[in-house]
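Colleague: The structure is given below, and queries will be raised subsequently.
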Amino acid sequence: MHRALKIYKILVAQNLKRVMEYKADFFTGAVSFLIDQAIGIAFIFIIFSQIPQLAGFQFEQIVFIYGFSQIPKGIDHLLTDNLWSVGYFIVKKGDFDKYLTRPINPLFHVIAETFQIDAAGELVVGISLMIYAAPHAALCVNALTVTLFVFAIPFCTLIYTSIKIACAAFAFWIKSSGYIIQMLYGMNEFSKYPTTIYSNIIKFFVTYIIPFAFTGYYPALYLMTGENPLFNIGGAVIISMVMLFVSVLIWNKGLKAYESAGS
Amino acid sequence: MIYAENLRKEFTKIIKDPGLKGSFKALFKPRKEIVVAADNISFHVPKGEILGFIGPNGAGKSTVIKMLTGILTPTKGQCRINGKNPQNDRKKYVRDIGVVFGQRTQLWWDLPLVETYSVLKEIYEVSDENFKERMSFLNEVLDLKEFIRSPVRTLSLGQRMRADIAASMLHSPKVLFLDEPTIGLDVVVKDNIRRAIMKINQEEQTTVILTTHDISDIELLCDRIVMIDKGKNVYDGSLTELKKNYGQMRELTFECDNECSMSAETFKSGLHLSKDDIFIENDKNVFKIRFNSDVIPVGDMLNYTLSAARVKDIAVRDADIEEIIRRLYKEGAKPNE
Chain A
1 MHRALKIYKI
11 LVAQNLKRVM
21 EYKADFFTGA
31 VSFLIDQAIG
41 IAFIFIIFSQ
51 IPQLAGFQFE
61 QIVFIYGFSQ
71 IPKGIDHLLT
81 DNLWSVGYFI
91 VKKGDFDKYL
101 TRPINPLFHV
111 IAETFQIDAA
121 GELVVGISLM
131 IYAAPHAALC
141 VNALTVTLFV
151 FAIPFCTLIY
161 TSIKIACAAF
171 AFWIKSSGYI
181 IQMLYGMNEF
191 SKYPTTIYSN
201 IIKFFVTYII
211 PFAFTGYYPA
221 LYLMTGENPL
231 FNIGGAVIIS
241 MVMLFVSVLI
251 WNKGLKAYES
261 AGS
Chain B
264 MIYAENLRKE
274 FTKIIKDPGL
284 KGSFKALFKP
294 RKEIVVAADN
304 ISFHVPKGEI
314 LGFIGPNGAG
324 KSTVIKMLTG
334 ILTPTKGQCR
344 INGKNPQNDR
354 KKYVRDIGVV
364 FGQRTQLWWD
374 LPLVETYSVL
384 KEIYEVSDEN
394 FKERMSFLNE
404 VLDLKEFIRS
414 PVRTLSLGQR
424 MRADIAASML
434 HSPKVLFLDE
444 PTIGLDVVVK
454 DNIRRAIMKI
464 NQEEQTTVIL
474 TTHDISDIEL
484 LCDRIVMIDK
494 GKNVYDGSLT
504 ELKKNYGQMR
514 ELTFECDNEC
524 SMSAETFKSG
534 LHLSKDDIFI
544 ENDKNVFKIR
554 FNSDVIPVGD
564 MLNYTLSAAR
574 VKDIAVRDAD
584 IEEIIRRLYK
594 EGAKPNE
């Protein structure tokens with residue numbers, strides 16, 4: 001564990017040095033991300049300028065859910081962004097060879113290689129929105145709710161990470177799975193709003209199948225109501241653990257199917 | 264040291280008809296075919312040996328190397344290095360090996376070369392003391408000093424190859440896999456790389472497995488060769504023995520003033536040769552004769568040809584590895600154990 005942390009620090013440092021080498025690229029990334037976020041927030045403003053309430057939630061409550069949904073997404077983005085590259089080209093081009101000839105876990109190695117500071121954007125926006133909305137969002141704040149709420153964050157993050165690991169691993173069989181990651185990952189839009197605004201089918205889908213509702217709405221709902229921690233928080237914990245287990249299983253099977261590329 | 268036992272690797276290939284239509288058809292109704300890239304490959308390499316692993320393009324060399332380095336999982340069979348198996352014990356296994364793929368790099372592309380070494384130092388847990396010693400040894404053998412502070416993307420191919428070999432040797436592996444380490448390099452750099460490989464092998468008793476298409480690599484470096492073709496082991500023994508067994512093929516190229524054409528039949532009857540000992544290619548005013556110099560000395564062949572044609576220019580060279588393989592096939596493989 002100690003060694004893993006040390007290697008992690010070194011690989012991240014390498015990555016940051018690399019980012020510094022290409023400053024223009026970094027700033028372009030940061031700006032395009034801010035535009036993306038601005039559009040998302042403007043969208044909420046537009047909706048609430050037309051209707052005062054959405055499925056029984058006040059404007060600030062929706063903003064709070066939206067803000068919170070950016071936190072697990074941002075943490076995952078910050079730490080595991082290289083999984084996209086696995087899906088898009090590392091496997092296809094045979095560059096995965098390198099990870100298999102080094103004495104560290106390939107999944108850890110591939111994840112540790114990128115530290116995506118672009119994600120700071122999501123985290124800054126998310127935290128700002130939460131701070132802005134919290135005083136008016138009728139939160140049920142006490143030691144228990146806050147502790148459980150914060151406790152849930154790593155598990156919410158793992159939901160994102162697990163989906164990316166499993167989808168990226170498909171590349172070991174089908175060579176390129178970037179678009180599969182993109183498709184499933186894109187469903188995180190559902191995490192930004194209360195599930196009650198969706199039809200039952202979609203609600204079931206984002207709760208149990210691709211459970212993005214647990215990365216935003218349910219934990220935020222818990223902090224607002226203080227009710228049903230077993231489902232709102234416990235659900236995230238159990239689902240994320242199951243998903244992580246399954247995705248690592250798929251990944252490990254994938255390693256055995258890896259075919260490299262001709263040279 | 265290294266044991267490969269009955270290694271077999273199958274790939275599933277989806278057959279596509281040409282064009283967009285073919286791609287659609289393959290998407291919805293894939294026709295699958297199993298391709299055997301390596302079949303029943305076995306060999307043993309003792310400690311300290313340099314083994315040349317050769318064969319034509321697409322013979323399955325890289326597939327076998329990738330199984331030996333733990334990148335690919337064999338469909339059947341197994342390999343062991345120092346008693347360790349890459350599939351069961353990958354992390355310990357890869358500590359014993361160093362790998363260089365000539366067509367790829369494991370260096371951090373955007374950063375100064377020296378950064379790669381400091382990361383690998385941590386990954387392989389090399390102590391500060393060993394690292395220093397190691398770097399000075401590699402520096403001496405591969406002459407890294409002049410470019411160690413330059414970003415990897417600015418290195419020339421020859422520099423990059425030296426840097427990659429150093430990267431694979433940093434953790435003092437017992438076995439070094441070099442997949443086409445001299446590909447695309449000029450003569451001087453090739454020579455440097457060969458000398459470095461030899462030095463590493465002599466000073467550290469590192470076992471080396473080398474794939475190459477360059478016959479000089481093999482002649483200068485390899486104690487033994489294993490040859491494969493179409494995924495099968497076709498020869499295992501020394502190069503001299505191979506040449507002795509399968510004839511010393513030479514190639515003579517003649518250029519004439521005018522268009523000229525030579526027929527193998529004339530040579531066969533004129534020099535009493537069998538049909539496997541001589542091959543002739545005609546191309547306008549140039550013709551090439553490949554022949555077995557054990558059966559007929561080069562001088563005799565020259566004399567005979569010069570008396571038969573008006574020749575302007577002559578070139579003589581050793582037949583390359585492809586030629587030996589071609590010939591090997593005509594005579595039927597007799598792998599030695």
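Each protein sequence line maps, in turn, to chains A and B. If you're matching positions, the first sequence starts at 1 in the working numbering and goes up one per residue. If you're matching positions, the second sequence starts at 264 in the working numbering and goes up one per residue. Just so it is clear, CB atoms sit at the ideal spot from N, CA and C, and this is done for glycine as well.
1. Going by Cα to Cα distance, which pick from B/G282, B/I278, B/N303 is closest to B/K292?
2. Note down, in chain order, each residue of its chain lying with its Cβ closer than 8 Å to the Cβ of A/A13, except the 5 sequence neighbours on either side.
3. For A/I104, which residues in chain B fall below 8 Å Cβ to Cβ?
4. Starting from A/L34, trace the alpha helix (DSSP H) both ways and give me its first and last residue.
5. If you run the structure through DSSP and keep just helix, strand and coil, what is A/F108?
6. If contact is defined by three or more beta carbon pairs under 8 Å, each pair taking one atom from either stretch, is the segment 203-215 of chain A in contact with the segment 126-134 of chain A?
7. Take the Cβ of B/R580 as the centre, count every other Cβ of all protein chains shown within 10 Å, and call the residue buried at 16 or more, exposed below.
8. DSSP puts A/F218 in a beta bridge; with which residues?
9. Are three or more beta carbon pairs between the segment 357-374 of chain B and the segment 86-98 of chain A nearer than 8 Å?
10. Could you spell out where the alpha helix (DSSP H) holding A/C167 opens and where it closes?
11. What whole-angstrom Cβ distance do A/P219 and A/C156 have, given they're in contact under 8 Å?
12. Over what stretch of residues does the beta strand (DSSP E) that includes B/R294 continue unbroken?
13. Name the chain B residues that come within less than 8 Å of A/A14, Cβ to Cβ?
14. Report the residue from B/N269, B/L536, B/K384, B/F542 whose alpha carbon sits nearest the alpha carbon of B/T516.
15. Taking 8 Å as the threshold (C-beta atoms), are B/R358 and B/Y266 in contact?
16. Go through the segment 60-84 of chain A residue by residue and report every complete run of the alpha helix (DSSP H) that reaches 4 residues or more, in order.
17. Nearer than 7 Å: is that true of the beta carbon of A/I46 relative to any heavy atom of the ligand SAH?
18. Please check if any C-beta of chain B sits within less than 8 Å of the C-beta of A/I111.
19. What did DSSP end up calling B/E544 once you bin it into helix, strand or coil?
20. When you compare only the Cα positions, how much space is there between B/V299 and B/R271?
21. Which two residues bound the contiguous alpha helix (DSSP H) that contains B/A459?
22. What is the residue span of the beta strand (DSSP E) that B/K276 lies within?
23. Give the single residue among B/A527, B/E522, B/G562, B/P560 whose Cα lies nearest to the Cα of B/K575.
24. Buried or exposed for A/M20, going by 16 or more other Cβ atoms inside 10 Å?
25. Straight-line CA distance for B/T326 to A/F108?
26. Only counting the same chain, and skipping five residues up and downstream in sequence, which positions put a Cβ closer than 7 Å to that of A/C167?
27. Using a cut-off of 8 Å between C-beta atoms, extract the partners of A/L11 located in chain B.
28. Taking only the alpha-carbon atoms, compute the straight-line gap between A/E122 and A/W84 and give it to the nearest angstrom.
29. Express the C-alpha separation of A/A133 and A/Y66 in angstroms, rounding to a whole number.
30. Enumerated in chain order, which unbroken segments of the alpha helix (DSSP H) with a length of 4 residues or greater are wholly contained in the segment 350-408 of chain B?
31. Would you say A/L34 and B/V382 are within 8 Å of each other, going by their C-beta atoms?
32. I need the DSSP call for A/F96, collapsed to helix, strand or coil.
33. Assuming A/A42 contacts A/P194 (C-beta within less than 8 Å), just tell me the rounded distance between them.
34. Between the beta-carbon of A/I111 and the beta-carbon of A/W251, is there less than 8 Å?
35. Chain B partners of A/F21, CB-CB under 8 Å?
36. Which residues share a DSSP beta bridge with B/Y498?
Modeller: The short version:
1. Of B/G282, B/I278, B/N303, the residue nearest in Cα terms is B/I278.
2. Excluding sequence neighbours, A/A13 sits near nothing in its chain.
3. Listed by position along chain B, the residues whose Cβ is nearer than 8 Å to that of A/I104 are K354, I386.
4. That run of the alpha helix (DSSP H) goes 23-50.
5. Helix at A/F108.
6. No: fewer than three Cβ pairs fall under 8 Å.
7. Answer is exposed; the Cβ neighbour count stays below 16.
8. Residue identity check: residue 218 of chain A is Tyr in the sequence provided, not Phe. Its beta-bridge partners do not exist; DSSP assigns none.
9. Yes: the two stretches touch, three or more of their Cβ pairs being nearer than 8 Å.
10. First-last of the alpha helix (DSSP H) with A/C167: 143-174.
11. About 6 Å separates the two Cβ atoms, so the contact holds.
12. For B/R294, the enclosing beta strand (DSSP E) starts and ends at 294-308.
13. The sequence as given places Gln at residue 14 of chain A; Ala does not occur at that position. The CB of A/Q14 comes closer than 8 Å to the CB of W371, L374, E378, V382 in chain B, given here in chain order.
14. The shortest C-alpha separation from B/T516 is found at B/F542.
15. No, they are not a contact pair.
16. If you keep only unbroken alpha helix (DSSP H) runs of at least 4 residues inside the segment 60-84 of chain A, you get nothing at all.
17. Only the bare structure without any ligand can be found here, which leaves the ligand SAH out of the picture.
18. Against chain B, the CB of A/I111 has no partner CB under 8 Å away; the residue lies outside that interface.
19. Three-state result, B/E544: strand.
20. In a straight line, the C-alpha of B/V299 is about 7 Å away from that of B/R271.
21. Unbroken alpha helix (DSSP H) run through B/A459: 450-467.
22. 265-278 is the span of the beta strand (DSSP E), which, as asked, contains B/K276.
23. Comparing Cα positions, the closest option is B/E522.
24. By the Cβ neighbour-count rule, A/M20 is exposed, with fewer than 16 other Cβ atoms within 10 Å of its own.
25. Straight-line Cα distance between these residues: approximately 25 Å.
26. In the same chain as A/C167, and ignoring 5 residues on each side of it, the C-beta atoms closer than 7 Å to its own belong to G87, S177, I180, I181, L184, in chain order.
27. Within 8 Å Cβ-Cβ: V382.
28. In this structure, the alpha-carbon of A/E122 lies about 18 Å from that of A/W84.
29. When rounded, the distance between both Cα atoms is 10 Å.
30. Under the rule that a run must span 4 or more residues, the alpha helix (DSSP H) segments found entirely inside the segment 350-408 of chain B read 353-358, 376-386, 391-405.
31. No, the Cβ-Cβ distance between A/L34 and B/V382 is not below 8 Å.
32. Coil.
33. Actually they are not in contact, since the Cβ atoms of A/A42 and A/P194 sit about 19 Å apart, beyond 8 Å.
34. Cβ distance not < 8 Å, so A/I111 and A/W251 don't count as in contact.
35. In the sequence under discussion, the amino acid at residue 21 of chain A is Glu, which differs from the Phe named in the question. Per Cβ cutoff of 8 Å: D373, L374, P414.
36. According to DSSP, B/Y498 bridges with B/M490.
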